[in-house]
Amino acid sequence: MTSHQDRVHGCLLGGALGDALGFPVEGVSLYTIQDRHGPAGITEPVPDRDGVVGRISDDTQMTLFTAEAVLRGGGVPHVQQAYLRWLDTQEHPEPPPADSAPHRTGRLREERWLYARRGPGRACILGLQQQYVPDPRRPLDGTPGLVNPDSKGCGTVMRSAPFGLVPGSFELAAHCALITHGHPTASYAAGAFAAVIGELMTGQPLDRAVRHALALLAGYPGHQETSTALERALALAEAGSDQLETLGAGWVAEEALAIAVYAALTAPTPATVGPALLLAVNHSGDSDSTGAVCGNLLGARHGAGALPPEWLA
576 MTSHQDRVHG
586 CLLGGALGDA
596 LGFPVEGVSL
606 YTIQDRHGPA
616 GITEPVPDRD
626 GVVGRISDDT
636 QMTLFTAEAV
646 LRGGGVPHVQ
656 QAYLRWLDTQ
666 EHPEPPPADS
676 APHRTGRLRE
686 ERWLYARRGP
696 GRACILGLQQ
706 QYVPDPRRPL
716 DGTPGLVNPD
726 SKGCGTVMRS
736 APFGLVPGSF
746 ELAAHCALIT
756 HGHPTASYAA
766 GAFAAVIGEL
776 MTGQPLDRAV
786 RHALALLAGY
796 PGHQETSTAL
806 ERALALAEAG
816 SDQLETLGAG
826 WVAEEALAIA
836 VYAALTAPTP
846 ATVGPALLLA
856 VNHSGDSDST
866 GAVCGNLLGA
876 RHGAGALPPE
886 WLA
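Everything in the sequence shown is counted per the working numbering, starting at 576 for the first residue and increasing by one.
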């Protein structure tokens, strides 16, 4: 039986692995991926544009700061402060002095390898610069948030796995999405993802966890984009249909979540985790984000021991 600790480890490590798999082919068309790497696309970790294998992107960077916030108490203000620490890694070459701003605390911000720009989303950067802290008492009623009200980029989803480790994960993730993205779908997709992770942590199978998230979504006005995307992912997986690209490119929140769920559903056993991760990144679009989210799901479902050890070396 997979332990809770192994699921937590697997969720975070799986996300980093999927991110590193997809980062070298982010934004590259499937045709070009196949032309460079063969008909099957990439079949193992490949070098990025700098020739480095295994490099993570902003997706894993932000996920680590989400995890730090959860460990500190997990409230919306904790998360906003943690994301400001991540913003420092994008705006400074090294850790700024700890006494130069209230948010500059803790050990994670001192990790110098995090001070690297790895394709951060524009909405994440601009949103954090506004230093907005959403009110967690504000109802999620389908109206746009105050920051980037038209943005539903997948930046809210790719950072949200750690919310699934604590109670109230749906609303916590959804409210924290408003720190940077105001479109309701950006919030609902983040909330649904966190809720799925939470169910997987209890040992639920993925399809049941997704249906649990769909039941939660149904109670919120304006949930339809996220619900429809998840329902399509379930239907395609149940049909055994190899039509991942019909779910979109993954640049927006509901598409990234649907692609990751669809790919993860093809891995009912630990032995199929590797092929599912490859499926999640071999497409035309935001391959690092879909790989990261898929890796979070697979690691939470099967544990760290199911991740291909040769890819982690």
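Note that CB positions come from ideal geometry on N, CA and C, so glycine has one too.
- For the options 641, 858, 758 and 760, the alpha carbon positioned closest to that of residue 597 is the one of 858.
- Beta bridge pairing from DSSP links residue 743 with no other residue.
- Shortest Cα-Cα distance from residue 676 to any of 665, 686 and 659 involves 659.
- DSSP places residue 581 inside the alpha helix (DSSP H), whose first and last residues are 579-597.
- Taken in chain order, the complete alpha helix (DSSP H) segments of 4 residues or longer contained in the region 680-753 are 697-704, 730-733 and 744-752.
- The beta carbon of residue 876 lies closer than 6 Å to those of 775 and 781 in the same chain, with the five residues before and after it left out.
- Membership of residue 871 in the alpha helix (DSSP H) is indicated by the continuous run 862-877.
- Taking a cut-off of 8 Å on C-beta distances, the region 854-872 touches the region 622-635, as three or more cross pairs fall below it.
- Residue 851 and residue 873 have their C-alpha atoms spaced approximately 9 Å apart.
- In the DSSP assignment, residue 628 is bridged to 622.
- Between residue 795 and residue 819 the beta-carbon gap is near 27 Å, outside 8 Å, which marks them as no contact.
- Here the region 728-744 makes no contact with the region 798-806; the two share fewer than three CB pairs at distances below 8 Å.
- Annotated three-state conformation of residue 603 is coil, per DSSP.
- When DSSP reads this structure, residue 654 sits in no beta bridge, so it has no partner.
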